[in-house]
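Engineer:
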Amino acid sequence: MAEPSIAGTRAARVRIANDRPPRPDRDFVLYWMTAARRTSWSFAIDRAVDWARTLDRPLVVLEALRVDYPWASDRLHRFILDGMRDQADALEHGDALYYPYVEPERRAAKGLLAALAERACVVVTDYFPSFFLPHMLDAAARKISARLEVVDGNGLMPLALHDKDYPAASHFRRHAQGILPECLRDLPTKTPLARRSLPPAKRGLVPKAVLDRWPAAGRALLDGDAEALARLPIDHDVPPAPTRGGERAGSKALRRFVRERLDAYADAGDHPDADGTSRLSPYLHFGHVSAHAVFDAVARAEGWTPDRLADRPTGSREGWWSMGPGAEAFVEQLVVWRELAYNTCHQRPGDYDDYASLPAWARGTLEAHEHDPRPHVYSRRAFERADTHDPLWNAAERQLLGEGWFHNYLRMLWGKKILEWSRSPRDALRTMIEVMNRWSLDGRDPSSYGGYFWVLGRYDRPWPERPIYGKVRSMSSERTRAKVGVERTLERFG
């Protein structure tokens, strides 16, 4: 049987997850949308479209939302539902049939994917290296009766091209500079479902028995009906954030950042009061915006082409891209730090979120100082309620509680003080994970785990020894206020 061809670095993005063959005699190709929750700049949709054209079968897109994922809440659900609304609009008159399903109660979705897969020639889905998604994927692979292909669209570089877990950004940067030129020649299609002349995807493709048991999500829920959301068995104490989710909102945020703040990012990005960051992390986390779309927007704003790259890897943070200072500082975050964290989760699937995965020097020094006297010790509940003695820390936490996001620089201080004011480093790690993953729109992500563990020494080096921190880098609110602008933040959230 003919299969769609795949070459270059794109081949490193596709993995066959089970031992089932393609079933060309079945009714449709199924794309199970789980992490790349968008209809543009998607390697997974590219692959599903290629299969549909090769087999001359229509394409069905399943996007399902469980209610029992960890930290499920009104905030996270609403953000994801905004994206599902955008998918419904984008695919309403398109070449693919969109099937949104929202679980009304725990375990109601059980059997849905397998039932659809019984009619599918091939199932294509997304790869995401953290949270519960790898376990969900492994379970699905055992139950699906057709070939399951998993596509990595997480970053500019396929995770399969990284050969090890890198201990520091400087090491990863030099490696990345060696493979990026080739990766940048193979981008996903900007609009993979536009005018592709796929076989028509008629509504009858999904059997009535499936729709009767697992009804598609109603438009009211997708459009933001609060009563429909309130009926779901999720955490209603975490309300929706004022930031709307979805591909349209994410694309708008990207355009605004590139137009208004990119040039000043190198200077303003560290100052909370300057509002100089992109605020794209929630959209990147939920896959509403692709890292490739973000990079393309930056490159276009810079008038940049790949021939401006340095001739060889330098490992330098500046100059290799031949972009302006703001763009280079932003791309350092988007490519080096973000993809470093993704690689850690990919390379260490069993323990990336475990205290024992810290570098030996960090564990040793933290444990040597574990019983040092603490100036303050707070419970997780006190941290979560912003009930500490420190006005700046409280302001950062209140912004997180209210907006589902807070500034990158304050995140570092936030974590360092949790380490200082917890009974042990392990308690501090548990608090960071629970509070951020529950309240932040961009928690539960490799980048957020990278932040939690950076607080405890990962990706860093030993510093002069201090009480509590040992040789792990310390931070103070006093030095933070002297170094970056936070007065407006204190006025707003203090």
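Quick note: the sequence shown, position 254, residue 253 per numbering that gives the first Met the number 0, numbers continuous. Here a beta-carbon is modelled for each residue, glycine too, at the ideal position from N, C-alpha and C.
For residue 343, which of 458, 253, 276, 364 has the nearest alpha-carbon?
Structural biologist: The residue given as residue 343 occupies position 344 in the sequence shown. The residue with the shortest Cα to Cα distance from residue 343 is 458.
Engineer: Are the beta-carbon atoms belonging to residue 176 and residue 303 less than 8 Å from one another?
Structural biologist: For the purposes of this step, residue 176 is taken as the residue at position 177 of the sequence shown. For the purposes of this step, residue 303 is taken as the residue at position 304 of the sequence shown. No, these two residues do not count as a Cβ contact at 8 Å.
Engineer: Assign residue 234 to one of three DSSP states: helix, strand, or coil.
Structural biologist: The sequence position of residue 234 within the sequence shown is 235, counting from 1. Residue state, collapsed to three classes: strand.
Engineer: The beta strand (DSSP E) with residue 293 in it runs from where to where?
Structural biologist: Residue 293 sits at position 294 when you count from the first residue of the sequence shown. Taken as a continuous stretch (DSSP letters only), residue 293 belongs to no beta strand (DSSP E), being part of the alpha helix (DSSP H) at 290-301.
Engineer: From residue 84 to residue 247, what does the alpha carbon distance come to, in whole angstroms?
Structural biologist: For the purposes of this step, residue 84 is taken as the residue at position 85 of the sequence shown. For the purposes of this step, residue 247 is taken as the residue at position 248 of the sequence shown. Going by the C-alpha atoms only, they are around 10 Å apart.
Engineer: Closer than 8 Å is the cut-off here; do at least three beta carbon pairs connect the segment 203-211 with the segment 106-124?
Structural biologist: Result yes; three or more Cβ-Cβ pairs closer than 8 Å.
Engineer: So residue 78 is in the alpha helix (DSSP H); what residue range does that whole segment cover?
Structural biologist: Residue 78 sits at position 79 when you count from the first residue of the sequence shown. Taken as a continuous stretch (DSSP letters only), the alpha helix (DSSP H) holding residue 78 covers 73-90.
Engineer: Would you call the segment 424-444 and the segment 364-383 touching, i.e. three or more CB-CB distances under 8 Å?
Structural biologist: Yes, the segment 424-444 is in contact with the segment 364-383.
Engineer: Could you check what DSSP says for residue 32 in three-state terms: helix, strand or coil?
Structural biologist: Start at 1 with the first residue of the sequence shown, and residue 32 comes out as number 33. Residue 32: strand per DSSP, three-state reduction.
Engineer: Are the beta-carbon atoms of residue 296 and residue 257 separated by less than 8 Å?
Structural biologist: Taking the first residue of the sequence shown as 1, we reach residue 296 at position 297. Taking the first residue of the sequence shown as 1, we reach residue 257 at position 258. Yes, Cβ-Cβ distance for residue 296 and residue 257 is below 8 Å.
Engineer: Using only CA atoms, which one of 373, 61, 221, 396 lies nearest to residue 420?
Structural biologist: Here the question's residue 420 lines up with position 421 in the sequence shown. Comparing Cα positions, the closest option is 373.
Engineer: Locate the beta strand (DSSP E) running through residue 99, then write down its first and last residues.
Structural biologist: Counting from one through the sequence shown, the residue named residue 99 turns up at place 100. That run of the beta strand (DSSP E) goes 95-101.
Engineer: Tell me, which residues are paired with residue 15 by DSSP?
Structural biologist: Here residue 15 corresponds to residue number 16 of the sequence shown, with the count starting at 1. Answer is 148, bridged to residue 15.
Engineer: In angstroms, rounded to a whole number, what distance separates the CA positions of residue 497 and residue 120?
Structural biologist: What the structure shows of the chain is the stretch from 0 to 493, and residue 497 is not part of that stretch, so it cannot be assessed.
Engineer: Can you check whether the CB of residue 244 is closer than 8 Å to the CB of residue 78?
Structural biologist: The residue given as residue 78 occupies position 79 in the sequence shown. The residue given as residue 244 occupies position 245 in the sequence shown. Yes. Within cutoff.
Engineer: By the 10 Å Cβ neighbour count, where 16 or more other Cβ atoms means buried, how is residue 309 classified, buried or exposed?
Structural biologist: Looking up residue 309 in the sequence shown gives position 310. The residue in question, residue 309, is exposed, as its Cβ has fewer than 16 Cβ neighbours within 10 Å.
Engineer: Looking at the secondary structure, which residues open and close the beta strand (DSSP E) in which residue 193 lies?
Structural biologist: Taking the first residue of the sequence shown as 1, we reach residue 193 at position 194. From DSSP, residue 193 is part of no beta strand (DSSP E); its letter is neither H nor E.
Engineer: Quick check: the Cα distance between residue 378 and residue 269, rounded to an integer number of angstroms?
Structural biologist: One-based indexing of the sequence shown puts residue 378 at position 379. One-based indexing of the sequence shown puts residue 269 at position 270. Spanning the two alpha carbons is a distance of roughly 29 Å.
Engineer: Taking all protein chains shown into account, do 16 or more other C-beta atoms lie within 10 angstroms of the C-beta of residue 545, making it buried, or fewer, making it exposed?
Structural biologist: Shown here, the chain extends from 0 to 493; a query on residue 545 therefore has no answer.
Engineer: Taking a contact to mean a Cβ-Cβ separation below 8 Å, would you say residue 389 touches residue 129 in this structure?
Structural biologist: Translated into positions along the sequence shown, residue 389 becomes position 390. Translated into positions along the sequence shown, residue 129 becomes position 130. No, Cβ-Cβ distance for residue 389 and residue 129 is not below 8 Å.
Engineer: Since residue 209 is in the alpha helix (DSSP H), which residue starts that stretch and which ends it?
Structural biologist: Walking along the sequence shown from the start, residue 209 turns up at place 210. Note, residue 209: alpha helix (DSSP H), 207-212.
Engineer: Find the nearest neighbour of residue 75 within the set 404, 277, 18, 376, judged by alpha-carbon distance.
Structural biologist: Position 76 of the sequence shown, counted from the start, is the residue given in the question as residue 75. That would be 404, whose Cα lies nearest to the Cα of residue 75.
Engineer: Run through the segment 408-489 for me and flag every whole beta strand (DSSP E) of 3 or more residues, listed as ranges in chain order.
Structural biologist: List check, beta strand (DSSP E) in window: nothing returned.
Engineer: According to DSSP, simplified to helix, strand and coil, what is residue 313?
Structural biologist: As a working mapping, residue 313 is identified with position 314 in the sequence shown. Looking at residue 313 - three-state DSSP - the assignment turns out to be coil, as it is neither helix nor strand.
Engineer: Using three-state DSSP, classify residue 49 as helix, strand or coil.
Structural biologist: Taking the first residue of the sequence shown as position 1, residue 49 is located at position 50. Looking at residue 49 - three-state DSSP - the assignment turns out to be helix.
Engineer: Excluding five sequence neighbours on each side, which residues of the same chain lie with their C-beta closer than 7 Å to the C-beta of residue 409?
Structural biologist: Walking along the sequence shown from the start, residue 409 turns up at place 410. For residue 409, where only same-chain residues beyond five positions count, the Cβ hits under 7 Å are 271, 395.
Engineer: With DSSP collapsed to three states, give me the class of residue 8.
Structural biologist: If you number the sequence shown from 1, residue 8 lands on position 9. In this structure, residue 8 counts as helix in the three-state DSSP scheme.
Engineer: Starting from residue 308, trace the beta strand (DSSP E) in both directions and tell me its first and last residue.
Structural biologist: Within the sequence shown, numbered from 1, the residue matching residue 308 stands at position 309. Unbroken run through residue 308: none, as it is neither H nor E.
Engineer: Pull the bridge partners of residue 62 from the DSSP assignment, please.
Structural biologist: Reading the sequence shown from its first residue, position 63 is the one you call residue 62. In DSSP, residue 62 forms a bridge with 32, 99.
Engineer: So, residue 101 versus residue 43, is the Cβ gap smaller than 8 Å?
Structural biologist: Position 102 of the sequence shown holds residue 101. Position 44 of the sequence shown holds residue 43. Cβ distance not < 8 Å, so residue 101 and residue 43 don't count as in contact.
Engineer: Provide the residue span of the beta strand (DSSP E) that contains residue 125, from first to last.
Structural biologist: Your numbering for residue 125 matches position 126 in the sequence shown. Segment 119-125, the beta strand (DSSP E) holding residue 125.
Engineer: Could you give the DSSP three-state label for residue 168: helix, strand or coil?
Structural biologist: In the sequence shown, counting from the first residue as 1, residue 168 sits at position 169. Helix.
Engineer: Can you give, in chain order, each stretch of the alpha helix (DSSP H) that sits fully within the segment 232-292 and has at least 4 residues?
Structural biologist: Entirely contained in the segment 232-292, the alpha helix (DSSP H) runs reaching 4 residues are, in chain order, 246-259, 264-267, 280-284.
Engineer: Is the CB of residue 463 under 8 Å away from at least one CB in chain D?
Structural biologist: No chain D appears in this structure, which consists of one protein chain only.
Engineer: Considering only residues of the same chain and omitting the five flanking positions on each side of residue 105, which have a CB-CB separation below 7 Å?
Structural biologist: Counting from 1 along the sequence shown, the entry for residue 105 is found at position 106. 66, 67, 232, listed in sequence order.
Engineer: So, are the CB atoms of residue 12 and residue 151 less than 8 Å apart?
Structural biologist: The count along the sequence shown starts at 1 and reaches residue 12 at position 13. The count along the sequence shown starts at 1 and reaches residue 151 at position 152. For residue 12 and residue 151, yes; Cβs fall inside 8 Å.
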